[in-house]
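Student: Using the numbering used here, you'd call the opening residue of the sequence shown number 4 and step up by one each time.
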Amino acid sequence: MTKLSVNINKIATLRNSRGGNVPNLLKVASDIEEFGAQGITIHPRPDERHIRYQDARDLKNIVTTEYNIEGNPIKSFMDLVLEVKPTQVTLVPDALDAITSNAGWDTITHQSFLQEVIREFQQNGIRTSIFIDTDAKLLEAAAKTGADRVELYTEDFATQYDLGNFDAIKPYTEAAVLANKLGLGINAGHDLSLDNIKFFKENIPHLAEVSIGHALIAESLYLGLENVVNMYLHRLK
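1) Could you pull the start and end residues of the alpha helix (DSSP H) that residue 231 belongs to?
2) What are the complete alpha helix (DSSP H) segments, minimum 4 residues, inside the region 154-209?
3) Which first and last residues belong to the beta strand (DSSP E) in which residue 125 is found?
4) Assuming residue 108 and residue 85 form a contact by the criterion Cβ under 8 Å, report the distance between their Cβ atoms to the nearest whole angstrom.
5) Looking at the structure shown, is residue 91 part of a helix, part of a strand, or coil, going by DSSP?
6) Taking the alpha-carbon positions, what's the residue 102 to residue 48 distance?
7) Give me, in chain order, the residues of the same chain whose beta-carbon lies closer than 6 Å to that of residue 133; leave out the 5 immediate sequence neighbours on both sides.
8) Could you give the DSSP three-state label for residue 60: helix, strand or coil?
9) Buried or exposed for residue 119, going by 16 or more other Cβ atoms inside 10 Å?
10) According to DSSP, is residue 218 part of a helix, a strand, or is it coil?
11) Identify every residue that forms a DSSP beta bridge with residue 9.
12) Pull the bridge partners of residue 71 from the DSSP assignment, please.
13) Could you check what DSSP says for residue 21 in three-state terms: helix, strand or coil?
14) Is the beta carbon of residue 214 sitting closer than 8 Å to the one on residue 10?
15) Tell me, to the nearest whole angstrom, how far the beta carbon of residue 87 is from that of residue 63; I am working on the premise that it is less than 8 Å.
16) Name the two residues that bound the continuous beta strand (DSSP E) containing residue 35.
17) Would DSSP call residue 110 helix, strand or coil?
18) Quick check: residue 75 and residue 44, are their CB atoms within less than 8 Å of each other?
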């Protein structure tokens, strides 16, 4: 079964919009695990506009499933991850002003840099994943960095799926097959939703984990958080 890691950035955004501690991020994370999710994901940005660095520290004592921290490995982020020591770190090449993740790594150009970063994280017992597009050359270069996994950037699939273009899954299927041959574990995330997750799961071999936040929280406004978490788990079986 593919694991569901729930990204709780949007919970932090809602909290920060009013100040105070409502909703309580730590309680929501604990509840999501209680509802059956197998992981919690956060993606702190340098400006801390949603997840704060202190949240990352506080969640370490709360999360009992897999704990995944995403972000661009600038010094402050690396220091945070090495302090917290989550289960997994997902490296994402975010620009400082990015609203959300919008590109995977150029693992050819940045191969030496990624090798150094990954080595340091792995020496501290942290599993590493690289956010990446489906290009075969980039996947081959990703394997040379020493990463444990890749996270397939799924925005294009999700956009095309909504338009009825189901063939958009093919590059992702091919990427998953190649990644597995290269010895890389396979994660996926970005714009996956209740509408497309079952189709995606059925067509991606060796899919270890999906990280879902924005859609899951939006769907929960109508259907309820516990119900939505279990709807995802059912589709991922």
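For glycine and all other residues, C-beta sits at the position ideal for the given N, C-alpha and C.
Tutor: Put simply:
1) 228-238
2) 158-165, 173-184, 200-206
3) Here residue 125 belongs to no beta strand (DSSP E); instead the alpha helix (DSSP H) covers 114-126.
4) With a Cβ gap of about 20 Å, residue 108 and residue 85 do not count as contacting.
5) strand
6) A caution first: residue 102 carries a pLDDT of 49, below 50, which makes its placement in the model unreliable, though a value can still be read off. Approximately 10 Å, taken between the alpha carbons.
7) 94, 108, 145, 150, 153
8) helix
9) exposed
10) helix
11) 43, 215
12) 44, 91
13) helix
14) yes
15) 5 Å
16) From DSSP, residue 35 is part of no beta strand (DSSP E) but of the alpha helix (DSSP H) over 28-37.
17) coil
18) no
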